[in-house]
Amino acid sequence: MKTWALARFTVKEAVRGKAMIAGLVISLLYLALVPAFSSPSGGNAIVGDEQMRIAASREFLNFALGGLNFIGMFLAIFTTLGTIYSEIERGTIVTLVTKPISRVQLIAGKWLGHVMLMAAYVIIMGLALWLSVALGSGMLVWRFFPALMLVCLNVITMVSLTLAFSTVLPVVANAVFVFLMMVITSNLRIVHAIGETSQNAVIMVAANLFRMVLPVGEVNDLAGRIMLGQTQASNLMGVSPSAFTPRAWSFLYELVYLSALLMIAVLLFQKKDLS
Amino acid sequence: MAAAVEIEGLTKSYGSSDGEVRAVDWLSFRVEQGEVFGFLGPNGAGKTTTVQILMQVIFPTSGSARLLGKPLGDLESRSQIGYLPELCQFHSHLRADEFLDFHGRLYGMPAGARRKRIDEVLELVGLSENRKSRIRTFSKGMMQRIGIGQAIINNPRLLFLDEPASALDPMGRRDMRDLLMSLKDRGTTVFMNSHLLSEVEMTCARVGIMNRGKLVQVSDLKSMIKPGHTVEIRAAGITDRVMEQIRDLAKRVQQDDGCLMVTVDKEELLSHLARMIMESGANLMEFTPRQMPLEEAFLQLIQESDA
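Line by line, the protein sequences are chains A and B.
Take the first sequence: its position 127, counted from the start at 1, is 127 in the working numbering, and no numbers get skipped.
One gets the working numbering by counting positions in the second sequence from 1 and adding 275 to each.
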């Protein structure tokens, strides 16, 4: 009950925040403009025979999901940034930690609040995209939903990462650190391609290993594969360092990864002096 | 019955460029249940640090403490404790009733009890008319009042107040005293950090004095406010010659609006002083021994401990 009270409070607080309001404006603009930027329909109604319409719908949803993944992670960072550190700086944390709740419950409540908010955001945005395609083309792209769940997982991971570092880093330092990690690990494909072009195995192996530092880029690639139906087991085992296909187990790794982040957050906060 | 507060060898050190600084140095004392205990000391004495350790906002370097018979951090005992921090900072986007409701939830109070208690508390702290106002619109005094509200929402058995009257106006201070007295009557133990000695004098039965991280004294307020060697004299017809004699006898003489405040070194000199005035032919109307006020006792103890 106490964890739930903290979660509800966190949701209310985040919803009132400037980051969320700005995020909602950006999201509405995105929903309005994404058809214009996607290929191949370019904003026009998806027409043609059924096969063409299915392919075009999948491609559009894949493109739109990539954008949602980025906006969702961005929003997750900016709504979670000051979760713990700002409360310490403002002194408001004192009235919370002196109540009959453990510090583990405090972290869990804050985390749960942000996760509920961001998961609701991703699901609502995803449903809006899916419905727009279903109504526009008459195509029901069911494989969109497992891919959407992976995007949801990515957003929850970013919440967990930002929350863990908000126990020790001030808002600006946390923003720079987490954002850089997100950008770098989301663009390792480029690093790998450089390795491939220059036939440098070290760069390719490094790019592959670095995907483990923050698995959101790889899981986003996996979501794309699911959308496009490229999910053959042989492609997804990732046994060859020269291949840069997303590994099927990467989402399981991400689950373990975010659990570890929560444990780190608790360890960092458990014995921290808050004054 | 277990003590409300039991502290044993509590120490808090901070590292600094000059070496180790001990904010709290081997503190040991007890506060019994039902007491209103005043915790005094100059700025930087370590009072707030001590309370923050007891409330687990910070952690001790060494030593231990028990609240209501349970070790620090025990959640069951903490549900019976209230705490008003110094320099209240609250989630200011909340309305007064929302704020108390949130803190009631954190105490695990059921919805019905919470609603009833919120009304009671708002009434007690004088904010009934502001229940729908956002905390960000509150004055300093109102912030202090809502802070007290969150500290007593759970009907605590033990209440820690860190400078509770500092932001209150005289009316607010009187309300605070009344509140403390009603809590005392209900058996609540109150542990009050304060530098407002007059407030402590009016509300506390026992006090502890800290200086430079160390406990200087813990004693009953009555024994601390001892009869002093100062008398207030009202007399007509004191000649210059007698005034000269009084000055020779006294350690200190203050003249104020026809009244003489005379301090002597020894108690025996007081009767000698009275005799001398009467024998001079002056009309002695009042000769009242003054108690040593808490402020004087406090300053004396701090000076002694500094020396």
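Just so it is clear, CB atoms sit at the ideal spot from N, CA and C, and this is done for glycine as well.
Does the distance from the C-beta atom of residue 263 (chain A) to that of residue 214 (chain A) stay below 8 Å? Their beta carbons are not under 8 Å apart, which means residue 263 (chain A) does not touch residue 214 (chain A) by this criterion.
Using a C-beta to C-beta distance shorter than 7 Å, which residues of chain B count as neighbours of residue 16 (chain A)? Neighbours of residue 16 (chain A) on chain B, chain order: 368.
Could you tell me whether any Cβ in chain B is nearer than 8 Å to the Cβ of residue 211 (chain A)? Residue 211 (chain A) does not count as touching chain B.
Going along the chain, which residues of its own chain have a beta-carbon closer than 7 Å to the beta-carbon of residue 101 (chain A), five neighbours each way excluded? Taking residue 101 (chain A) as the centre and dropping the five residues before and after it, the same chain places the C-beta of 2 closer than 7 Å to its C-beta, in chain order.
Below 8 Å CB to CB, which residues in the same chain sit around residue 354 (chain B) once its five sequence neighbours on both sides are set aside? Listed in chain order, the non-local C-beta contacts of residue 354 (chain B) below 8 Å within the same chain comprise 382, 383 and 429, local neighbours out to five positions each way being set aside.
Cβ-based contacts, 9 Å cut-off: residues of the stretch 88 to 102 of chain A near chain B: Residues passing the 9 Å Cβ filter: 90, 91, 92, 93, 94, 95, 96, 97, 98, 99, 100, 101 and 102.
For residue 139 (chain A), three-class secondary structure by DSSP: Reduced to three states, the DSSP call for residue 139 (chain A) is coil.
DSSP-derived helix/strand/coil call for residue 289 (chain B): It is a strand residue.
How would you label residue 289 (chain B), buried or exposed, when you count the other beta carbons within 10 angstroms and need 16 or more for buried? Residue 289 (chain B) comes out exposed.
Considering only residues of the stretch 200 to 226 of chain A, which uninterrupted beta strand (DSSP E) runs meet the minimum length of 3 residues and lie entirely inside it, listed in chain order? Entirely contained in the stretch 200 to 226 of chain A, not one beta strand (DSSP E) run reaches 3 residues.
Anyone know if the C-beta pair for residue 427 (chain B) and residue 357 (chain B) falls short of 8 Å? Yes, the Cβ-Cβ distance between residue 427 (chain B) and residue 357 (chain B) is below 8 Å.
Only counting the same chain, and skipping five residues up and downstream in sequence, which positions put a Cβ closer than 7 Å to that of residue 179 (chain A)? Answer for residue 179 (chain A): 77, listed in chain order.
Would you mind stating whether residue 152 (chain A) and residue 122 (chain A) have Cβ atoms separated by less than 8 Å? Against a cut-off of 8 Å, the Cβ pair of residue 122 (chain A) and residue 152 (chain A) comes out as a contact.
One question on the structure: do residue 204 (chain A) and residue 143 (chain A) come within less than 8 Å of each other, judged by their Cβ atoms? For residue 204 (chain A) and residue 143 (chain A), no; Cβs fall outside 8 Å.
When you compare the stretch 92 to 112 of chain A with the stretch 183 to 197 of chain A, are there three or more beta-carbon pairs, one atom per stretch, that lie closer than 8 Å? Not touching, per the Cβ criterion.
CA-to-CA distance, residue 347 (chain B) to residue 433 (chain B), given in whole angstroms: Near 13 Å, if we compare the C-alpha coordinates of residue 347 (chain B) and residue 433 (chain B).
Suppose contacts are defined by Cβ-Cβ distances below 8 Å. Is residue 440 (chain B) in contact with residue 474 (chain B) by that definition? In terms of Cβ geometry, residue 440 (chain B) and residue 474 (chain B) form a close pair [threshold 8 Å].
In the structure shown, what three-state DSSP assignment does residue 101 (chain A) receive? Looking at residue 101 (chain A) - three-state DSSP - the assignment turns out to be coil, as it is neither helix nor strand.
For residue 575 (chain B), which residues from the same chain have a beta carbon less than 6 Å from its beta carbon, with the 5 sequence-adjacent residues on both sides left out? Scanning its chain for C-beta atoms nearer than 6 Å, with the 5 sequence neighbours on each side dropped, one finds no residue around residue 575 (chain B).
Helix, strand or coil for residue 334 (chain B), going by three-state DSSP, please let me know. Looking at residue 334 (chain B) - three-state DSSP - the assignment turns out to be coil, as it is neither helix nor strand.
Residue 535 (chain B) - containing beta strand (DSSP E), residue span: Run containing residue 535 (chain B): 534 to 538, per the beta strand (DSSP E) assignment.
Runs of beta strand (DSSP E) wholly within the stretch 478 to 504 of chain B (minimum 3 residues, chain order): Along the stretch 478 to 504 of chain B, the beta strand (DSSP E) occurs as fully enclosed runs of 3 or more residues at 481 to 486 and 489 to 495, listed in sequence order.
Can you name the residues that DSSP bridges to residue 435 (chain B)? DSSP output for residue 435 (chain B) lists B:358 and B:466 as bridge partner(s).
Along the stretch 376 to 387 of chain B, where does the CB come closer than 8 Å to a CB of chain A? Name the residues. So the close ones are 377, 378, 380, 381, 382 and 383.
Where residue 275 (chain A) meets chain B, residues with beta-carbon distance less than 7 Å: Going along chain B in sequence order, the residues near residue 275 (chain A) (Cβ under 7 Å) are 327, 332 and 333.
Given a cut-off of 8 Å, decide if residue 419 (chain B) and residue 443 (chain B) are closer than it, judged by their beta-carbon atoms. For residue 443 (chain B) and residue 419 (chain B), yes; Cβs fall inside 8 Å.
Mind reading off the beta-carbon distance from residue 481 (chain B) to residue 469 (chain B)? Whole number of angstroms is fine, and I expect it under 8 Å. Rounded, the Cβ-Cβ distance is 14 Å, inconsistent with contact.
8 Å Cβ cutoff met for residue 465 (chain B) and residue 562 (chain B): Not in contact: residue 465 (chain B) and residue 562 (chain B) (Cβ atoms no closer than 8 Å).
Please confirm if the stretch 504 to 522 of chain B is in contact with the stretch 551 to 558 of chain B, defined as three or more CB-CB distances below 8 Å between the two stretches. Output reads yes: the stretch 551 to 558 of chain B touches the stretch 504 to 522 of chain B.
If you count every other CB in all the chains shown that lies within 10 Å of the CB of residue 21 (chain A), and 16 or more means buried, which is it? So residue 21 (chain A) ends up on the exposed side.
Starting from residue 299 (chain B), trace the beta strand (DSSP E) both ways and give me its first and last residue. Where residue 299 (chain B) is concerned, the enclosing beta strand (DSSP E) stretches over 294 to 306.
For residue 546 (chain B), tell me which candidate among B:535, B:506 and B:330 has the shortest Cα-Cα distance. The alpha carbon of residue 546 (chain B) has as its nearest neighbour, out of B:535, B:506 and B:330, the alpha carbon of B:506.
Please confirm whether residue 139 (chain A) and residue 250 (chain A) have their CB atoms less than 8 Å apart. Contact: no.
Is it true that the CB of residue 5 (chain A) sits closer than 8 Å to the CB of residue 392 (chain B)? One thing to note: residue 392 (chain B) has its Cβ no nearer than 8 Å to the Cβ of residue 5 (chain A).
DSSP three-state assignment for residue 346 (chain B), whether helix, strand or coil: Strand, per DSSP.
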